[in-house]
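S.K.: Pasting in a structure now, in structure tokens, and then I'll have a few things to ask.
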Amino acid sequence: MLGFMEPLIEPGFFSNTPVQTALLVGGVVAVVSGIVGTFTVMRGQSFAGHSLADIGTAGGSASFLLGISPLFGFVAMNLMAAGVMEWIGIRRPRGRDLATGIVLGAALGLAALFLYLDTTASSTTGATVNVLFGSIFTLPASVVPFIAIFSVVAAGIVLALYRPLILSSVSSDLATAQGVPVRLVGIGYLVALAVAVSLSAVTIGAILSTALLIGPAATALRITNRTGRAALIAAAIGVAATWLGVLLAYDSYYWFPTRGGWPVSFFVVTLIFLTYIVSQTRPRTRSPGGQPSIARDAG
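Under the working numbering, the sequence shown has 312 at position 272, and the numbering climbs by one with no breaks.
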């Protein structure tokens, strides 16, 4: 097996400590992103996910000024943003998009300030690249346990709210009639989304993190109309794209024109995009009655 793969893998790939950390962290984050992303697509809140990724840049860049891991800045900022978005957008059905836009604008202004200070008023180097495009090969081993904890939190929230979350995603009115606390479920989902986006931003960068959250989930929901199955497929697609992206980035060290390696985020996003394009060639899966059968998973 290893002899067959030798032409595809540069020497030292599996024994390289940064590669081992990247594979572990990337795989865990891809699973969480697939699970949370499935509900993000179902609920039509892709814009919220993308906005949280951009909002998180303020927290990530502030972390560099404080000398701590960007992970904590991303999580703290996104949790605060999710809370503010929920609070502002609670009064009207369309208020959430307005709230998202307001919070996004304010956070981008802070991000611009913090990134400027990172590059001019401190000795921090590479802050902009790390925050915006990620640096999975430079993640310290000390941050891995925290990534694991946040991953368990995000996935645990979704699993705990699984059936109410499906029902409220399909129809909030029907969920209310069934006695589901829609607002509480929505808050729980936003917390899971904020954490998942933060984890994705740490691996492939804030700008591109939405691809890992939305791409695999959108592809999976074209393949199957069952929520649980779609989440598993999305997680598998995300893991495959991330691991293959790490391999290609490692192999690209001597590629033209950089002679210094291509970024992992480029390969991951490209692979996810190609997978989604391929999924468009097959018809969307539907129930015998002609309507998506996701609601059946709510029980």
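Glycine included, each C-beta is placed from N, C-alpha and C at the ideal position. As the structure is a prediction and not an experimental result, all values here were calculated from the model.
With C-beta atoms as the reference, is THR243 less than 8 Å away from VAL69?
M.R.: yes
S.K.: How many angstroms separate the CA atom of GLY67 from the CA atom of SER91?
M.R.: 23 Å
S.K.: Thinking just about the alpha-carbon of each residue, which of VAL308, TYR229, TYR294 is nearest to the one in ALA195?
M.R.: TYR229
S.K.: Can the beta-carbon of PRO256 be found closer than 8 Å to that of ILE277?
M.R.: yes
S.K.: With distances taken Cα to Cα, identify the nearest neighbour of GLY77 among PHE296, GLY245, LEU239, ILE49.
M.R.: LEU239
S.K.: Check whether chain C comes within 8 Å of ASN265, counting only Cβ atoms and requiring the distance to be less than that.
M.R.: No chain C is part of this structure, which consists of one protein chain only.
S.K.: Under the rule that 16 or more other beta-carbon atoms within 10 Å means buried, what is LEU288, buried or exposed?
M.R.: buried
S.K.: Compute the Euclidean distance between the alpha carbons of ARG262 and ILE317, then round it to the nearest angstrom.
M.R.: 11 Å
S.K.: Using the Cα positions of ARG131 and THR97, report the straight-line distance between them to the nearest angstrom.
M.R.: Because the pLDDT of ARG131 is 47, which lies under 50, any placement of that residue in the model is unreliable, and the number read from its coordinates should be weighed accordingly. Near 28 Å, if we compare the C-alpha coordinates of THR97 and ARG131.
S.K.: Could you work out which residue in ALA274, SER103, LEU284, LEU172 is closest to VAL341 when comparing CA atoms only?
M.R.: For residue 341 there is no data in the structure shown, the boundaries of the chain being 41 and 339.
S.K.: Between the C-alpha atoms of PHE54 and GLN60, what's the straight-line distance to the nearest angstrom?
M.R.: 7 Å
S.K.: Roughly how many whole angstroms lie between the Cα atoms of ALA217 and LEU201?
M.R.: 17 Å
S.K.: Considering only the beta carbon of each residue, do GLY99 and ALA116 sit closer than 8 Å?
M.R.: yes
S.K.: Pull up the CB-CB distance for SER341 and PHE173, whole angstroms please, since I reckon it's below 8 Å.
M.R.: Examination of residue 341 is not possible in this model, given that the chain is present from 41 through 339 alone.
S.K.: If you count every other CB in all the chains shown that lies within 10 Å of the CB of ALA188, and 16 or more means buried, which is it?
M.R.: exposed
S.K.: Measure from the alpha carbon of MET82 to the alpha carbon of each residue in SER319, ALA271, PHE307, then state which is nearest.
M.R.: Comparing alpha carbon positions, the residue from SER319, ALA271, PHE307 closest to MET82 is ALA271.
S.K.: Is it right to say PHE79 is buried, meaning 16 or more other beta carbons lie within 10 angstroms of its own, or is it exposed?
M.R.: By the neighbour-count definition (other C-beta atoms within 10 Å, threshold 16), PHE79 is a buried residue.
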